[in-house]
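Only one structure is covered here, and it is reproduced in the block below.
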Amino acid sequence: MQRRTSPPLQRLRRQFFARAGGLGLTGLFGPAAWEAMAESFVDFPFANGRRELVTNFPQKGAMLLERTRPPLLETPFEVFDQGVFTPNDRFFVRWHLADIPNVVDPATFRLNVRGHVTQPVSLTLDDLVRKFEPVELPAVNQCSGNSRGFFNPRVPGGQWANGAMGNARWLGVRLKDVLERAAVKGGALQVRFRGLDKGVIQQTPDFMKSLAIDHARDGEVMIAYAMNGEPLPLLNGFPLRLVVPGWYSTYWVKMLDDIEVLDKPDDNFWTTKAYLIPDTPFANVKPGQQGVKMVPINRMLPRSFFTNVQDGAVLKAGQATTVRGIAFGGDTGLAKVLFSSDAGGSWQEARLAKDYGRYSFRQWEVPVRLSAGPHRLTIKAVNAAGVAQPEHANWNGAGFMRNVIESVSVRAA
Amino acid sequence: MSAALRDVVLIGLGFTFGIALTSAPAWPQTPGTPAATEKGAKGPVRTWAKVEVKLPTSSTLFPAGNGADIANGQCLICHSAGMVLRQPPLTQDEWRSEVNKMRNAFGALLPADQVDALARYLYSIDGSRAPTDRAVSDGQGS
């Protein structure tokens, strides 16, 4: 078997070996076979969790394939150890509808603002770049269903592990400024966003999401034309994407070309029937619980992750090691990130790296020196509003908003 | 952000399109120093170029079984098989509710009299039998 040596693949292989070993499967194949296979897929630790690592999507590097059409591509978790910003070519991809234009021509592309406005406008990309004040904001874009595969009991939907998220520097214009150009009329209630994608058959409802008018005009929601200093990859929404800082990705409409101001509540399928959560703390309910009020998903919750140690890792006993990862506060900044090396018995504050703003990932690290034997390492984020990741996993029937504290079992030897 | 920084980014935009969309330079980048500034500085390209990509297709078919023809004929109209095959094991009722979601929410053309047959088939290839792997669906479109 050919041995590849690029560091990401080595990491992937180690991760795979750890998991395969944990599942007791190593006896089924010779080591060489495992090695070859480990380079092409990852097994997430849940049923039907095998994900092929693919490189055949345009403007994308190696991604974990969940579905080809319309694309669902997960970021391999090792990418999050490489820096606080997620490279565009490794940024996760999630489309609902399969009729995605494969050509976008800026010469003909227009962003239309219409509806309950005095002056409908039709803007070119150059208009946006030149006629509005540019703003740049680092922000996490996380799928509502990130980590759904870990729900127990399992729920249908995109079966992501933890890689349906990413952090980028978004450059664009304030939605508020664009709405002002169109002169929103009094009595406006919501603003509805639509992109260029469509369903394959006429009967499929267009993907549209709405924000309350005050949210749309808060000066933070923006229309991004660049991501990490480059145009967006087509699969991440080229040429324009709505950026709704602190809110789940479902609102970050890709290939945005239509903004409609509404004077009555949006009744479209994607707002009224899909992406609903129980109106409870952490959107948490008991499996099978009935009669819970449902509301549209909205603000994100704090999360934190290990990025340089994985379940099953072996660390050197008695030697200083740095354990590190990323964290974010959700809809506000991080207050602190707490680390435990005794399964949550005692906690210490992790050192936080540079702060890129309250909506960004932030790197954390902790120096550790572990005695020989097994250890359960745990990480917990607390945001500026005092919201901490829960000790027990939140659960709901749609598989949204998982944010339980993360743990890894390691051994020092 | 300063006008200077915006110009740098604009140069970067033009430059990126000017070379190759398949080899995005990307990352890591130090914030405040966007990509491609050195080469882009040869001349400010301030136009947006057309982007054209080819999206991969899937040739994966549903595994053989009684009802696979329905799945291949109906499900693959709107999406490839991958996400279906990667669902957790579901009960037959849950598979039926997923199939009905496709018809009622997304307008799938599947005839009503094939719903049960398709649910049976999906259960046969990815069915929940043990209480421990029980999944729960709330029937949303996401």
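Top to bottom, those sequences are chains A and B. To convert a position in the first sequence, counted from 1, into our numbering, add 20. To convert a position in the second sequence, counted from 1, into our numbering, add 3. Ideal Cβ positions, reconstructed from N, Cα and C, are used throughout, including at glycine. Predicted model only: the values in this text are computed from it and were never measured.
Residue i, enclosing beta strand (DSSP E) - first and last residue
i          : result
Gln-210(A) : 210 to 215
Met-105(B) : Careful: Met-105(B) lies outside any beta strand (DSSP E), inside the alpha helix (DSSP H) at 95 to 107.
Val-281(A) : 276 to 282
Asp-63(A)  : 61 to 63
Arg-150(A) : Counting along the chain, Arg-150(A) falls outside any beta strand (DSSP E), though it belongs to the alpha helix (DSSP H) covering 145 to 151.
Gln-162(A) : 154 to 162
Lys-131(A) : According to the sequence as given, residue 131(A) is Leu; it is not Lys. Unbroken beta strand (DSSP E) run through Leu-131(A): 131 to 135.
Arg-71(A)  : 70 to 74
Val-428(A) : 426 to 432
Closer than 9 Å at the beta carbon, the chain C residues around residue i
i         : result
Thr-94(B) : In the displayed structure, chain C is absent; the protein chains listed are A and B.
Neighbour-count burial assignment, residue i, 16 or more Cβ in a 10 Å radius
i          : result
Ala-53(A)  : Residue confidence is low: Ala-53(A) scores 44 on pLDDT, short of 50, so the model does not pin down where it sits. No coordinate-derived value is stated.
Phe-302(A) : buried
Leu-390(A) : buried
Asn-107(B) : exposed
Asn-161(A) : buried
Asn-122(A) : exposed
Asn-69(B)  : exposed
Asn-76(A)  : exposed
Phe-420(A) : buried
Leu-64(B)  : exposed
Leu-121(B) : buried
Leu-112(B) : exposed
Thr-291(A) : buried
Asp-375(A) : exposed
Pro-107(A) : buried
Gly-311(A) : exposed
Gly-186(A) : buried
Met-21(A)  : Here the model assigns Met-21(A) a pLDDT of 32, short of 50, so the residue's position is not dependable and the matter cannot be decided.
Ser-142(A) : exposed
Ser-60(A)  : exposed
Pro-66(B)  : exposed
Ala-184(A) : buried
Ser-5(B)   : Legend: pLDDT at Ser-5(B) = 47, less than 50; position of this residue unreliable, value from coordinates given subsequently. Exposed, since its Cβ has fewer than 16 Cβ neighbours within 10 Å.
Lys-45(B)  : In this prediction, Lys-45(B) has a pLDDT of 33, which is less than 50 and means its spatial position is unreliable; what the coordinates show is noted afterwards. Looking at its Cβ environment, which holds fewer than 16 other Cβ atoms inside 10 Å, Lys-45(B) is exposed.
Thr-315(A) : Checking the displayed sequence, the identity of residue 315(A) turns out to be Val instead of Thr. It is exposed - the Cβ of Val-315(A) has fewer than 16 other Cβ atoms within 10 Å.
Asp-217(A) : buried
Glu-200(A) : exposed
Arg-39(A)  : Confidence at Arg-39(A) is low in this model, with a pLDDT of 42, below 50, so the placement of that residue should be treated as unreliable; the coordinate-derived value is given next. That one is buried.
Glu-72(A)  : exposed
Ala-3(B)   : The shown model of chain B, from 4 to 145, leaves out residue 3(B), and the question about it has no answer.
For residue i: DSSP bridge partner residues
i          : result
Thr-88(A)  : Its beta-bridge partners do not exist; DSSP assigns none.
Ile-346(A) : Phe-325(A) and Gln-383(A)
Lys-400(A) : Leu-358(A)
Lys-229(A) : Phe-213(A)
Ala-246(A) : Leu-191(A)
Leu-262(A) : Ile-243(A)
Met-314(A) : Pro-298(A)
Ala-408(A) : Val-402(A)
Gly-186(A) : Asn-161(A)
Ser-142(A) : Asn-132(A)
Leu-93(A)  : Leu-85(A) and Val-113(A)
Lys-218(A) : Asp-119(A)
Val-334(A) : Arg-431(A)
Gly-393(A) : Ala-432(A)
Span of the alpha helix (DSSP H), counted from its first residue to its last, around residue i
i          : result
Met-86(B)  : 85 to 88
Tyr-126(B) : 118 to 129
Thr-292(A) : 289 to 292
Contact check, residue i vs residue j, beta carbons under 8 Å
i          : j          : result
Gly-219(A) : Cys-78(B)  : no
Ile-221(A) : Asn-416(A) : no
Glu-86(A)  : Met-86(B)  : yes
Asp-351(A) : Gly-266(A) : yes
Ile-317(A) : Leu-58(B)  : no
Gly-215(A) : Asp-277(A) : yes
Leu-231(A) : Ile-243(A) : no
Ala-373(A) : Ala-432(A) : no
Ile-233(A) : Asn-132(A) : no
Gln-95(B)  : Arg-132(B) : no
Tyr-379(A) : Ala-159(A) : yes
Val-155(A) : Val-193(A) : yes
Three or more C-beta pairs under 8 Å: does that hold for the region 416 to 432 of chain A against the region 389 to 403 of chain A?
Two segments are said to touch when three or more pairs of C-beta atoms, one from each, lie closer than 8 Å; by this definition the region 416 to 432 of chain A touches the region 389 to 403 of chain A.
When the Cβ atoms of the region 231 to 240 of chain A are set against those of the region 195 to 214 of chain A, are three or more pairs found closer than 8 Å?
Output reads yes: the region 195 to 214 of chain A touches the region 231 to 240 of chain A.
Kindly confirm or deny that the region 239 to 255 of chain A and the region 108 to 124 of chain A touch, where touching means at least three C-beta pairs closer than 8 Å.
Because the criterion of three Cβ pairs below 8 Å is met, the region 239 to 255 of chain A and the region 108 to 124 of chain A touch.
contact_flag[the region 354 to 370 of chain A, the region 278 to 292 of chain A] where n(CB pairs < 8 Å) is 3 or more
Counting Cβ pairs under 8 Å, fewer than three are found: no touch.
Evaluate contact between the region 64 to 76 of chain B and the region 99 to 106 of chain A, counting only Cβ atoms and requiring at least three cross-stretch pairs below 8 Å.
These segments do not touch.
Are the region 63 to 72 of chain A and the region 164 to 171 of chain A touching, with three or more C-beta to C-beta distances below 8 Å?
Verdict: yes, contact present.
Counting pairs of Cβ atoms below 8 Å between the region 340 to 356 of chain A and the region 312 to 330 of chain A, do you hit three or more?
The region 340 to 356 of chain A, when compared against the region 312 to 330 of chain A, does touch it at the 8 Å Cβ threshold.
At least 3 beta-carbon pairs within less than 8 Å: the region 173 to 180 of chain A vs the region 79 to 97 of chain A:
Yes, the region 173 to 180 of chain A is in contact with the region 79 to 97 of chain A.
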